[in-house]
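Last residue of the sequence shown: 489 in the working numbering, with the numbers rising by one and none dropped.
By construction, the Cβ of each residue, glycine as well, lies at the ideal position given by its N, Cα and C atoms.
As the structure is a prediction and not an experimental result, all values here were calculated from the model.
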Amino acid sequence: MSSSALPLSRSSRPPGDRALLDAEEAKIEAAPLVTLAGVSKKYQNGVAALAGLDLCVRTGDFLSLLGPSGCGKSTALRLIAGLEPATSGTIEWAGGQASGRPSIGFVFQDPTLMPWASVESNVFLPLRLEGWSFRTASERIEEALALVGLPDFRKAMPRELSGGMKMRVSIARALVTRPSLLLMDEPFAALDEITRFKLNDDLMRLKQEMNCTVIFVTHSIYESAYLSTRIAVMAARPGRIIAEIGLDAALPRKEHFRRESAYLDACARAADALHGAMDAKDHM
Ligand SMILES: Nc1ncnc2c1ncn2[C@@H]1O[C@H](COP(=O)(O)OP(=O)(O)O)[C@@H](O)[C@H]1O
Ligand SMILES: [Mg+2]
């Protein structure tokens with residue numbers, strides 16, 4: 206990312222302003238970005254994917270939606286993105302109802318790249334849809350590819366890339382509009398564990414560089430505990446939030462975080478919540 210796009214660094218601020226700014230930033234970070242209240246979603250085939258879902262996402266959160274397959278995680282993400290309407294309930298943005306929705310980048314489970322187009326053409330797509338010329342977008346494409354660690358792959362074709370690299374291109378495509386909210390739907394689920402760990406680390410770094418909020422869907426307890434500042438645990442039938450777990454450790458975290466008590470405690474609490482929900486269903 207070009208330095209002009211980054212906010213003024215803390216160290217370059219006059220010392221007298223710093224305490225005040227820190228307090229203000231803490232306040233801003235705690236401000237709700239989007240609040241879902243009593244949200245339900247019933248599909249036309251009669252499936253009640255979500256019912257009574259309450260969730261508050263704060264600016265600056267790295268929030269994971271964690272739950273078993275079929276519990277409504279993707280549905281919740283699509284409702285937040287405005288790709289589908291809720292059947293009932295409200296989704297309120299800080300800046301006003303639907304009009305207050307910030308700029309959003311969406312990363313799907315599959316990279317969904319156009320196989321006939323180069324990496325740079327794939328990353329260009331969201332800007333092309335906004336009417337940008339390729340020449341004007343060139344710097345933005347470069348910035349997005351640098352953020353995901355692929356600065357030298359502009360001209361490559363998708364078939365020349367590994368699974369992890371394809372996902373990096375997909376993330377670059379979501380970042381090229383400089384979104385303030387990044388929605389990610391199990392982006393690393395299909396990758397091997399080593400690649401996934403590397404992308405986890407890179408994602409935390411780029412969240413800090415982009416200064417954005419992330420809502421991250423996963424069914425991995427370990428991935429959610431490593432990445433998140435907050436985990437919202439979901440249960441199915443009906444899809445809803447059954448527990449929230451906060452993790453204070455600053456991002457980006459490093460490998461040794463996986464051995465710290467905060468991480469292990471979050472894993473245990475998330476596992477307990479998921480098992481509790483399953484046991485309750487067994488007795489229904
Ligand atoms: N477009 C759709 N039409 C009908 N049912 C759907 C649709 N999308 C999802 N569902 C159903 O809604 C439930 C939740 O799905 P989904 O949100 O994809 O869960 P998850 O992402 O947690 O696996 C599932 O039972 C699924 O079969
Ligand atoms: Mg899903």
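In this structure, DSSP gives K246 an extended state, which the three-state scheme calls strand. Apart from sequence neighbours up to five positions away, the residues of its chain that approach A253 with a beta-carbon distance below 6 Å are K247, P443, ordered along the chain. Scanning its chain for C-beta atoms nearer than 8 Å, with the 5 sequence neighbours on each side dropped, one finds around R283 the residues E289, in chain order. A buried status is given to F329, since no fewer than 16 other beta-carbon atoms sit within 10 Å of its beta-carbon.
With a cutoff of 8 Å, D390 counts as near ligand 2, since its C-beta is closer than that to a heavy atom of the ligand.
The residue from S429, I296, G257, G277 with its alpha-carbon nearest to that of I285 is I296.
Taking C-beta separations shorter than 7 Å and ignoring five residues to either side along the sequence, the partners of R364 in its chain run P320, following chain order.
A distance criterion of 8 Å places the beta-carbon of Q413 beyond contact range of ligand 1, judged by its closest non-hydrogen atom. Spatial neighbours of R401 in its own chain (CB-CB distance under 7 Å, excluding positions within 5 residues in sequence) are listed in chain order as F393. Between F339 and R333, the alpha-carbon positions lie close to 7 Å from each other. At a threshold of 8 Å, T280 counts as near ligand 1, since its beta carbon sits closer than that to one of the ligand's heavy atoms. Around the beta carbon of S375, 16 or more other beta carbons sit within 10 angstroms, so the residue counts as buried. A349 is positioned such that its CB atom lies closer than 9 Å to that of V381. Nearest C-alpha to A437 among N250, A377, G265, L258: L258. CA-CA distance, S343 to S385, rounds to 20 Å. Between the beta-carbon of A236 and that of T264 there is about 5 Å, and that keeps the pair under the 8 Å contact cut.
Assignment of A394 by DSSP, reduced to helix, strand and coil, places it in the coil class. Annotation: L282 is outside any beta strand (DSSP E); the continuous alpha helix (DSSP H) that includes it extends over 278 to 286. Between A322 and M362, the C-beta gap is smaller than 9 Å, which places the two residues in contact. Taking C-beta atoms as the reference points, A475 and I450 count as a pair closer than 9 Å. The C-alpha of S304 is placed about 36 Å away from the C-alpha of K403.
Within the segment 397 to 484, the runs of alpha helix (DSSP H) at least 4 residues long that lie entirely inside it are, in chain order, 398 to 415, 426 to 432.
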